[in-house]
Amino acid sequence: MSQQSEMHLFAPGHSGCPGCAPSTVLIHVVDTLGKDIIVVNATGCMEITSSQYPHSAWRVPYIHSLFENAPAVASGISAALKAKGNHHTKVVVIAGDGSTYDIAFGSLSGMLERGDDVIYCCYDNELYANTGVQKSGATPIGAATTTSQAGKVHHGKEKERKPIVEIAAAHNIPYAASASIAFVADFQAKLKKAAQISGSKFITVNAPCALGAGFDGSISMKVARLAVQSRMWFLFEYENGFFKLNFNPKVAKPVAEYMQLQKRFRHLTPEEIEKIQKLCDHHYIEMLERQKASDAKKIVFDAVTQPPSTPPASPSAPAAPKT
Amino acid sequence: MIKTTNGATALAETAKNCEPEVVAGYPITPTTHVVEEMNRYYANGETKSFIAVESEFSALSALIGGAAAGARTFTATGSQGLLLMHEVLFCSSGMRLPIVMVVGNRSVSAPLSIWNDEQDSVSQRDTGWIQLYAKNNQEASDALIQAYFIAEKTFIPVMVCVDGHFLTHTTEQVDIPSKDEIKRFLPPFKPMVTLDPDQPLSMGVYAAPAYYQEFRMDLHSDLEKSAAVISDAGKRFGQVFGRSYGLVEEYHVKDAKEVLVGLGSAMENVKAAVDEMRKQGKKVGALHVRVLRPFPREELRRILSGKHVGVIDRALSPGAQPPLFTEIVEALQGTSSTVSSFFGALGGRTLKIQESKQLFEKMSKGKALKEWITVTVEKNEAEIETC
Ligand SMILES: Cc1ncc(C[n+]2csc(CCOP(=O)(O)OP(=O)(O)O)c2C)c(N)n1
Ligand code: SF4
Ligand SMILES: [Mg+2]
Numbered sequence: 001m002s003q004q005s006e007m008h009l010f011a012p013g014h015s016g017c018p019g020c021a022p023s024t025v026l027i028h029v030v031d032t033l034g035k036d037i038i039v040v041n042a043t044g045c046m047e048i049t050s051s052q053y054p055h056s057a058w059r060v061p062y063i064h065s066l067f068e069n070a071p072a073v074a075s076g077i078s079a080a081l082k083a084k085g086n087h088h089t090k091v092v093v094i095a096g097d098g099s100t101y102d103i104a105f106g107s108l109s110g111m112l113e114r115g116d117d118v119i120y121c122c123y124d125n126e127l128y129a130n131t132g133v134q135k136s137g138a139t140p141i142g143a144a145t146t147t148s149q150a151g152k153v154h155h156g157k158e159k160e161r162k163p164i165v166e167i168a169a170a171h172n173i174p175y176a177a178s179a180s181i182a183f184v185a186d187f188q189a190k191l192k193k194a195a196q197i198s199g200s201k202f203i204t205v206n207a208p209c210a211l212g213a214g215f216d217g218s219i220s221m222k223v224a225r226l227a228v229q230s231r232m233w234f235l236f237e238y239e240n241g242f243f244k245l246n247f248n249p250k251v252a253k254p255v256a257e258y259m260q261l262q263k264r265f266r267h268l269t270p271e272e273i274e275k276i277q278k279l280c281d282h283h284y285i286e287m288l289e290r291q292k293a294s295d296a297k298k299i300v301f302d303a304v305t306q307p308p309s310t311p312p313a314s315p316s317a318p319a320a321p322k323t
Numbered sequence: 001m002i003k004t005t006n007g008a009t010a011l012a013e014t015a016k017n018c019e020p021e022v023v024a025g026y027p028i029t030p031t032t033h034v035v036e037e038m039n040r041y042y043a044n045g046e047t048k049s050f051i052a053v054e055s056e057f058s059a060l061s062a063l064i065g066g067a068a069a070g071a072r073t074f075t076a077t078g079s080q081g082l083l084l085m086h087e088v089l090f091c092s093s094g095m096r097l098p099i100v101m102v103v104g105n106r107s108v109s110a111p112l113s114i115w116n117d118e119q120d121s122v123s124q125r126d127t128g129w130i131q132l133y134a135k136n137n138q139e140a141s142d143a144l145i146q147a148y149f150i151a152e153k154t155f156i157p158v159m160v161c162v163d164g165h166f167l168t169h170t171t172e173q174v175d176i177p178s179k180d181e182i183k184r185f186l187p188p189f190k191p192m193v194t195l196d197p198d199q200p201l202s203m204g205v206y207a208a209p210a211y212y213q214e215f216r217m218d219l220h221s222d223l224e225k226s227a228a229v230i231s232d233a234g235k236r237f238g239q240v241f242g243r244s245y246g247l248v249e250e251y252h253v254k255d256a257k258e259v260l261v262g263l264g265s266a267m268e269n270v271k272a273a274v275d276e277m278r279k280q281g282k283k284v285g286a287l288h289v290r291v292l293r294p295f296p297r298e299e300l301r302r303i304l305s306g307k308h309v310g311v312i313d314r315a316l317s318p319g320a321q322p323p324l325f326t327e328i329v330e331a332l333q334g335t336s337s338t339v340s341s342f343f344g345a346l347g348g349r350t351l352k353i354q355e356s357k358q359l360f361e362k363m364s365k366g367k368a369l370k371e372w373i374t375v376t377v378e379k380n381e382a383e384i385e386t387c
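Same order as they appear, the protein sequences are chains W and D.
Under the UniProt record's numbering, the first sequence has 140 at position 140, and the numbering climbs by one with no breaks.
Under the UniProt record's numbering, the second sequence has 75 at position 75, and the numbering climbs by one with no breaks.
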């Protein structure tokens, strides 16, 4: 074991596939957030590959319970820490997109609505990897999985993925963000920001599954980068209700370039790819509009909430009336 | 048509040939493959629907909707998925909806295990569903066709329980009847009531204390009466396809002194053990409880009276006696039988021929035993599992 790997809080020797991007997510999450955390993991590839008895790859406290309840388990831990007067240990959920978008969606929504003090990190490989590649609510339109097969009549997933970050943000939580494993500095900055904020924080990080999407593990980061460069995936955040697009190159790569690397899109006709290209363009315009609207809102917000620049006439402000 | 295929694929094809109109599916080992196959049929236009739900809770709930709207329905699950359906199981039987489901039996969390035992479905025995168990994939496929017949006659939902991996992932020859052949046995589904604007009615109403118990009494007595329909289905099936079924399957039981009784695929090994021991002149037998609900109490009492009965439970009731054992003891009350309890073979361990023979040997001493089946398996630590 190299010295460097010994320093990671997620140990090497887990049984993830070669080039597994989600495994890299785990390393960044625990290394960025440090030792004073408790990890709550949902059933999925990252649980199976990291915690087979009598081994564990985790060098921080770790709990796995079920596929559909990680947010509620995290709420319980957070409440227990509070009850015991522990105000420093951070509770971190690490769950797949199947858990996050689908089966634990209600549990997640409850946690976000309560505003429990938890950092929720979804490693978003856009499918159920662990059960052998089925669609999730995160699977992009067009992609073939074993439950959105490309057949004679139906041609891969027929609907777009859920806008999960927007949904999380709609719970009025202080922080919700979309990241990518290919943009590590951005991802780390988002984790650090989340760690500074109290309440519920939500980050989903795109991390493609080589096995599930059908590409060689050696190009996982390339595929992840192309997702962002082709506007199939956006990097953005909502902080206290304000939107920020974190990556905005003026020229995008064609989605076809991203798709052609992956078997899951092989069945698509040029017309179908063109349709998806249009959707991506459309979403990009939405992002720009959102940025504009948020900037305008910020100007009004600052005007309304910032203290007047001239100091008050009297040095002692009048006491607030007692009610 | 006779096909060489694994259990999951055989069950999916059988289900498709029963022509369900509403299919919902959610992946979980060991029935993921059933769900995937159903999606393949759908993608190719061979079935009418596939609802890719976001949980098993929604899978069964979608079938409540489908069946209430008058459709034949299908899904498959097991383990955590079946446990997540627990509330919906009670609701669907209480509403008398003839839903049919395949259960790929798998152990339950915690600790997480994707391997086989029967804790998941045995734990659902009080949900008001009919439960059929299969020893092999031919029986499983046949049971699925009969399940529709039974459900649609009794308006009680049916689960067909097949051992995960040992059956779902094992390749065998299975004679899978075609759609047309199935039609010779299974009449079209005629719902008693449906959600129909021309005849509006309310389903899933609540019942105050003056009414509630009567609903439950009806369900209870109809489940008991369903035994006759199940027997009839097994006989008719034999007339059409040449393979008949009863509530239980006896194997050299008549003159046996010791009889091992249990559910599912392990009973194939017990039967093989019986063959070997019979060759040595030992009077042993096997009995497969094909129908766990309704519990075939009278048959068991008639067949097993006076014998030394060894009950195999691959499911526990922690802190109490194992479930099947308890029920068989009750069934044999007042007879001169001796009843032994063997429980365990959990989480991927099963009873092999050798161990079955050992159980018979132990029973031959005559004393009632209560002990764990502790089959050891090789440690396989480097394996990635799909759950
Ligand atoms: C109630 C329940 N249903 C189904 C499963 C089977 N199951 C385990 S992991 C998984 C998919 C996980 O998908 P995701 O959350 O995206 O994680 P990934 O495998 O992609 O890492 C499924 C369906 C389960 N464990 N529990
Ligand atoms: S299947 Fe995908 S997510 Fe799972 S370990 Fe392999 S690459 Fe990683
Ligand atoms: Mg996933």
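Built from N, CA and C at the ideal position, the CB exists for glycine as well.
Please read these numbers as outputs of a predicted model, since none were measured by experiment.
Which chain D residues sit within Cβ distance under 8 Å of residue i?
{"i": "W:Gly151", "result": "Arg40, Tyr42, Ala43, Asn44 and Gly45"}
{"i": "W:Tyr53", "result": "Pro111"}
{"i": "W:Phe105", "result": "Glu54"}
{"i": "W:Tyr238", "result": "Near W:Tyr238 there are no residues of chain D at all, since even the closest Cβ is about 24 Å away, more than 8 Å."}
{"i": "W:Asp102", "result": "Glu54 and Ser55"}
{"i": "W:His88", "result": "Ordered by position in chain D, no residue passes the 8 Å Cβ test against W:His88, which lies about 29 Å from the chain."}
Can you name the residues of chain W whose CB is closer than 9 Å to the CB of residue i?
{"i": "D:Gln80", "result": "Thr43, Leu66, Phe67 and Glu68"}
{"i": "D:Leu60", "result": "Those within 9 Å of D:Leu60 in chain W number zero; the least Cβ separation is about 14 Å."}
Interface residues of chain W around residue i at Cβ under 7 Å?
{"i": "D:Ile28", "result": "Thr131"}
{"i": "D:Glu36", "result": "Thr146 and Thr147"}
{"i": "D:Thr9", "result": "Result: empty, since nearest Cβ-Cβ is about 13 Å, beyond 7 Å."}
Would you list the one or two residues that DSSP bridges to residue i?
{"i": "W:Gly137", "result": "Bridge partners of W:Gly137: none, in fact."}
{"i": "D:Ala24", "result": "D:Ile51"}
{"i": "D:His288", "result": "D:Glu249 and D:Gly262"}
{"i": "D:Lys370", "result": "D:Ser341"}
{"i": "W:Ser51", "result": "Note: W:Ser51 sits in no beta bridge, so no partner."}
{"i": "W:Asp124", "result": "W:Asn206"}
{"i": "W:Ile94", "result": "W:Asn41 and W:Cys121"}
{"i": "W:Ser220", "result": "BP columns for W:Ser220 are empty, so no partner."}
{"i": "W:Trp58", "result": "W:Phe10"}
List the residues of chain D that residue i touches, going by C-beta distances under 9 Å, in chain order.
{"i": "W:Phe265", "result": "Chain D residues near W:Phe265: none, gap ~16 Å exceeds 9 Å."}
Could you check what DSSP says for residue i in three-state terms: helix, strand or coil?
{"i": "D:Val108", "result": "coil"}
{"i": "D:Met192", "result": "coil"}
{"i": "D:Glu13", "result": "helix"}
{"i": "W:Leu66", "result": "coil"}
{"i": "W:His87", "result": "coil"}
{"i": "D:Lys3", "result": "strand"}
{"i": "D:Thr171", "result": "strand"}
{"i": "W:Cys17", "result": "coil"}
{"i": "W:Met1", "result": "For W:Met1, the predicted model reports a pLDDT of 42, less than 50, meaning its position is unreliable; a value from the coordinates is still stated below. W:Met1 falls in the coil class under three-state DSSP."}
Taking 7 Å as the cut-off, does the CB of residue i come closer than this to any heavy atom belonging to ligand 2?
{"i": "W:Thr49", "result": "yes"}
{"i": "W:Pro22", "result": "yes"}
{"i": "D:Ala286", "result": "no"}
Would you say the beta carbon of residue i is closer than 7 Å to some non-hydrogen atom of ligand 1?
{"i": "D:Asp120", "result": "no"}
{"i": "D:Pro157", "result": "no"}
{"i": "D:Glu56", "result": "yes"}
{"i": "W:Cys45", "result": "yes"}
{"i": "W:Gln262", "result": "no"}
Applying a beta-carbon distance threshold of less than 8 Å, which residues of chain W neighbour residue i?
{"i": "D:Gly25", "result": "Thr147"}
{"i": "D:Thr386", "result": "Ile48, Asn130, Thr131 and Gly132"}
For residue i, return the contacting residues in chain D, with the cut-off set at a CB-CB distance below 7 Å.
{"i": "W:Gly137", "result": "Glu54"}
{"i": "W:Tyr128", "result": "Pro27"}
Would the beta-carbon of residue i be found less than 7 Å away from any heavy atom of ligand 3?
{"i": "W:Asp302", "result": "no"}
{"i": "W:Ser136", "result": "yes"}
{"i": "W:Leu127", "result": "yes"}
{"i": "W:Gly16", "result": "no"}
{"i": "residue 408 of chain W", "result": "The shown model of chain W, from 1 to 323, leaves out residue 408 of chain W, and the question about it has no answer."}
{"i": "W:Tyr19", "result": "Rather than Tyr, the amino acid found at residue 19 of chain W in this sequence is Gly. Checking the Cβ of W:Gly19 against ligand 3 gives no."}
{"i": "W:Asp97", "result": "yes"}
Point to revise | Residues within the region 107-124 of chain D neighbouring chain A, beta-carbon criterion of under 8 Å | key: Annotation note: the requested chain A is absent from the structure, which comprises protein chains W and D.
Check your understanding: Taking the runs of the alpha helix (DSSP H) that are 4 residues or longer, which of them lie wholly in the region 203-265 of chain D?
Key -> 212-241
Review point. Of all the alpha helix (DSSP H) runs that stay within the bounds of the region 160-203 of chain W, which reach a length of 4 or more residues?
Key: 164-169 and 184-196
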